[in-house]
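A.B. asks: Submitted below is the structure of interest, expressed as structure tokens.
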Amino acid sequence: MFFLAPLAATLYYLYVIAEDQYASFVGFSVKSEESASATDLLGGLSSFSSSSSSDTDILFQFIQSQELISRINQSINLEEIYSRPDFDPVFSYNPDGTIEDLVSYWPWMVRVDLDAKTNLIELRVQAFTPEDAQLVAQEIVNESSAMINRLSAIAREDSTRYARADLEKALERLKLARENLTKFRSETQIVDPTADLQGQMGLLNSLEAQLASAQIELNLLLETAREGDPRIAQAERRIIVIKDLIDEERAKFGIGGNARTNERDYSTLVGEFERLMVELEYAQQTYLGAQAALDTALAEAQRTSRYLATFTQPTLAESARYPQRGIIALITGMFLLLAWSVGVLIFYSVRDRR
């Protein structure tokens with residue numbers, strides 16, 4: 010009775026009560042494709058593909074996660090699919106269960122196998138109709154592909170995030186340099202102090218030439234004219250006026266310490282202008298470098314992509330292969346026989362001691 014009764018109950022349940030289950034098989038892997046640019050490798054290789062073990066491990070865990078089960082349950086209602094049998098308390102799902110119950114039930118119907126050497130994932134999805142099994146398998150493929158796409162988007166964003174931040178800093182620096190230069194030109198009303206300085210230098214050279222000419226004329230008059238000649242006084246006055254003009258022009262350059270205290274001399278203006286121009290040029294070069302770095306990062310992100318490579322599409326079963334009634338009955342019988350044998354040995358051992 011200890012051996013035959015439970016075995017008979019198990020056989021009755023398996024062959025009379027338990028509903029047939031159909032299996033759908035699907036296989037896929039995560040591939041990472043990196044396409045070299047035209048200038049890379051002397052233009053020889055265009056692309057190559059390799060599988061990413063880390064991505065495959067992530068996908069393996071994702072297929073068994075609550076997030077995946079919740080997403081699929083919202084789209085195709087797993088509770089209804091797995092509670093179709095009218096009475097099958099062992100293999101069917103209780104529709105009144107929580108999401109945690111559904112997660113616990115999931116491994117009974119979805120078997121995930123990961124080959125560590127080839128990084129291939131194979132799924133066996135079971136359901137009480139072949140269409141439901143294929144539908145669940147297809148939803149797993151769809152959600153897995155969407156998850157891989159999200160990982161690719163995150164990877165692209167991470168690879169370009171710092172380049173974008175550097176570009177924004179360079180742009181702000183360039184704006185500040187241009188604003189400072191514009192403010193300088195507005196305050197001094199000088200577009201280019203260098204060009205203005207050249208004009209002032211030309212004027213100063215002209216005045217010095219006129220001063221030399223006036224002094225020559227005065228010397229000639231002193232040699233030929235009589236004392237009290239009005240031409241001598243006029244020549245001396247002309248020399249004084251020219252010297253005053255030269256002193257004023259020299260004061261603008263800060264020469265001789267005669268610059269006006271309320272105005273900046275040309276040397277100061279030119280020095281400040283050159284400093285602002287150096288800052289502007291450096292900001293422009295930095296901005297161009299940051300823009301080039303961002304373009305390179307975007308190009309690299311576009312050339313490197315992950316995708317889900319499905320080498321076996323979800324199959325549609327033609328016959329029910331599950332539950333494996335013979336194997337389950339054999340295992341149950343072996344354990345019952347083993348338990349009965351141990352019990353008999355214990356019984357005779359206790360009886361012999363008496």
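Just so you know, we're using my numbering here: the sequence shown kicks off at 10 and counts up by one. The beta carbon of each residue, even a glycine, is placed where N, CA and C say it ideally should be.
#1: Looking at the strands, I want to know which residues DSSP matches up with L129.
#2: Within 10 angstroms of the Cβ of V134, are there 16 or more other Cβ atoms? Answer buried if so, exposed if not.
#3: When you compare only the Cα positions, how much space is there between R363 and L13?
#4: Take Y291 as the anchor and find which of L180, P104, Y171 has the nearest alpha-carbon.
#5: When you compare each of E166, T138, N86 to L303 by their alpha carbons, which one comes out closest?
#6: Restricting to Cα atoms, I'd like to know which of S101, V279, G237 is closest to I405.
#7: In chain order, what residues of the same chain have a beta carbon less than 8 angstroms from the beta carbon of I264, not counting five sequence neighbours either side?
#8: Considering only C-alpha positions, which residue in the set D29, K40, R330 is nearest to L160?
#9: What does DSSP give as the partner residues of A318 in its beta bridges?
#10: Distance check for T305 and Q333, CA to CA, integer angstroms please.
#11: Counting pairs of beta carbons, one from the stretch 283-301 and one from the stretch 143-161, are three or more of them closer than 8 angstroms?
#12: Compute the distance between the beta-carbons of I251 and L216, then report whether it is under 8 angstroms.
#13: Is the CB-CB distance between T321 and G36 below 8 angstroms?
#14: Mapping DSSP to helix, strand and coil, what is Y91?
#15: Would you check if the distance between the CB atom of A244 and the CB atom of E226 is smaller than 8 angstroms?
#16: Taking 8 angstroms as the threshold, find out whether the stretch 134-144 comes into contact with the stretch 115-125 through three or more Cβ pairs.
#17: With distance defined between alpha-carbon atoms, name the residue in K178, F356, A223, E188 nearest to T295.
#18: What are the residues that DSSP puts in a beta bridge with Q30?
#19: How would you call S222, buried or exposed, if buried means at least 16 neighbouring beta carbons within 10 angstroms?
#20: When you compare only the Cα positions, how much space is there between D361 and S79?
#21: Would you list the residues sitting across from V119 in a DSSP beta bridge?
#22: Going by the beta-carbon positions, is the gap between F331 and Q30 smaller than 8 angstroms?
#23: Just the C-alpha distance for S23 and S350, rounded to the nearest angstrom, thanks.
#24: Are the beta-carbon atoms belonging to E140 and P94 less than 8 angstroms from one another?
#25: Taking D201 as part of the alpha helix (DSSP H), name the residues at either end of that continuous run.
#26: So, at 7 angstroms on beta carbons, what are the nonlocal neighbours of P15 in its own chain, with the 5 sequence-adjacent residues on each side left out?
#27: Do you know offhand how far L123's Cα is from Y21's?
#28: Would you decide whether A172 is buried or exposed? Buried here means 16 or more other CB atoms lie within 10 Å of its CB.
#29: If you measure between the beta carbons of A338 and S38, is that distance less than 8 angstroms?
#30: To the nearest angstrom, how far is the alpha carbon of F96 from that of V25?
#31: Quick one: grab the DSSP three-state call for G211.
C.D. replies: The short version:
#1: In the sequence shown, counting from the first residue as 1, residue 129 sits at position 120. DSSP, once it has assigned bridges, lists D124 as partnering L129.
#2: In the sequence shown, counting from the first residue as 1, residue 134 sits at position 125. Counting Cβ neighbours within 10 Å, V134 comes out buried, since at least 16 surround it.
#3: As a first step, residue 363 is located in the sequence shown; it is residue number 354 there, counting from the start. As a first step, residue 13 is located in the sequence shown; it is residue number 4 there, counting from the start. Each residue's Cα considered, the two are about 29 angstroms apart.
#4: Counted from its first residue, the sequence shown places residue 291 at position 282. Of the candidates L180, P104, Y171, the one whose C-alpha sits nearest the C-alpha of Y291 is L180.
#5: Residue 303 sits at position 294 when you count from the first residue of the sequence shown. With distances taken between Cα atoms, L303 lies closest to E166.
#6: For the chain, the structure presents residues 10 to 363; residue 405 sits outside this window and is missing.
#7: The sequence position of residue 264 within the sequence shown is 255, counting from 1. Low confidence applies to I264: its pLDDT is 45, below 50, so where it sits in the model is not reliable, and the reading given next is rough at best. Result list for I264: empty, nothing under 8 angstroms.
#8: As a working mapping, residue 160 is identified with position 151 in the sequence shown. Minimum Cα distance to L160 is reached at K40.
#9: For the purposes of this step, residue 318 is identified with residue 309 of the sequence shown, where counting begins at 1. Answer is S38.
#10: Here residue 333 refers to the residue found at position 324 of the sequence shown. Here residue 305 refers to the residue found at position 296 of the sequence shown. In a straight line, the C-alpha of Q333 is about 56 angstroms away from that of T305.
#11: no
#12: Taking the first residue of the sequence shown as 1, we reach residue 251 at position 242. Taking the first residue of the sequence shown as 1, we reach residue 216 at position 207. Contact: yes.
#13: Within the sequence shown, numbered from 1, the residue matching residue 321 stands at position 312. Within the sequence shown, numbered from 1, the residue matching residue 36 stands at position 27. In this structure, G36 lies closer than 8 angstroms to T321 by Cβ.
#14: Along the sequence shown, read from residue 1 onward, the residue named residue 91 stands at position 82. Y91 falls in the coil class under three-state DSSP.
#15: Here residue 244 is taken as the residue at index 235 of the sequence shown, counted from 1. Here residue 226 is taken as the residue at index 217 of the sequence shown, counted from 1. Yes, these two residues count as a Cβ contact at 8 angstroms.
#16: yes
#17: Mapped onto the sequence shown, residue 295 falls at position 286. Closest option to T295, Cα to Cα, is K178.
#18: Numbered from 1 along the sequence shown, position 21 holds the residue referred to as residue 30. According to DSSP, which records beta bridges pairwise, Q30 is partnered with Y331.
#19: By one-based count along the sequence shown, residue 222 stands at place 213. It counts as exposed.
#20: For the purposes of this step, residue 361 is identified with residue 352 of the sequence shown, where counting begins at 1. For the purposes of this step, residue 79 is identified with residue 70 of the sequence shown, where counting begins at 1. Approximately 60 angstroms between the Cα atoms of the pair.
#21: As a working note, residue 119 is residue 110 in the sequence shown. DSSP output for V119 lists V134 as bridge partner(s).
#22: Within the sequence shown, numbered from 1, the residue matching residue 331 stands at position 322. Within the sequence shown, numbered from 1, the residue matching residue 30 stands at position 21. A small fix is needed here, since residue 331 is Tyr in this sequence, not Phe. Taking 8 angstroms as the Cβ cut-off, Y331 and Q30 qualify as a contacting pair.
#23: Along the sequence shown, read from residue 1 onward, the residue named residue 23 stands at position 14. Along the sequence shown, read from residue 1 onward, the residue named residue 350 stands at position 341. The sequence as given places Leu at residue 23; Ser does not occur at that position. So the two alpha carbons sit approximately 25 angstroms from each other.
#24: Counted from its first residue, the sequence shown places residue 140 at position 131. Counted from its first residue, the sequence shown places residue 94 at position 85. Against a cut-off of 8 angstroms, the Cβ pair of P94 and E140 comes out as no contact.
#25: Within the sequence shown, the letter at position 192 stands for residue 201. Looking at the DSSP string, D201 is not in any alpha helix (DSSP H), and its letter there is neither H nor E.
#26: In the sequence shown, the residue the question calls residue 15 occupies position 6. Contacts found: L345.
#27: Within the sequence shown, the letter at position 114 stands for residue 123. Within the sequence shown, the letter at position 12 stands for residue 21. Approximately 35 angstroms between the Cα atoms of the pair.
#28: What you label residue 172 is simply residue 163 of the sequence shown in a count that begins at 1. The residue is buried, with at least 16 neighbouring Cβ atoms inside 10 Å.
#29: Here residue 338 refers to the residue found at position 329 when the sequence shown is read from its first residue. Here residue 38 refers to the residue found at position 29 when the sequence shown is read from its first residue. No; because the gap between Cβ atoms is not below 8 angstroms, this pair is not in contact.
#30: Here residue 96 refers to the residue found at position 87 of the sequence shown. Here residue 25 refers to the residue found at position 16 of the sequence shown. Using only the alpha carbons, I get a separation of about 11 angstroms.
#31: Along the sequence shown, read from residue 1 onward, the residue named residue 211 stands at position 202. Correct three-state label for G211: helix.
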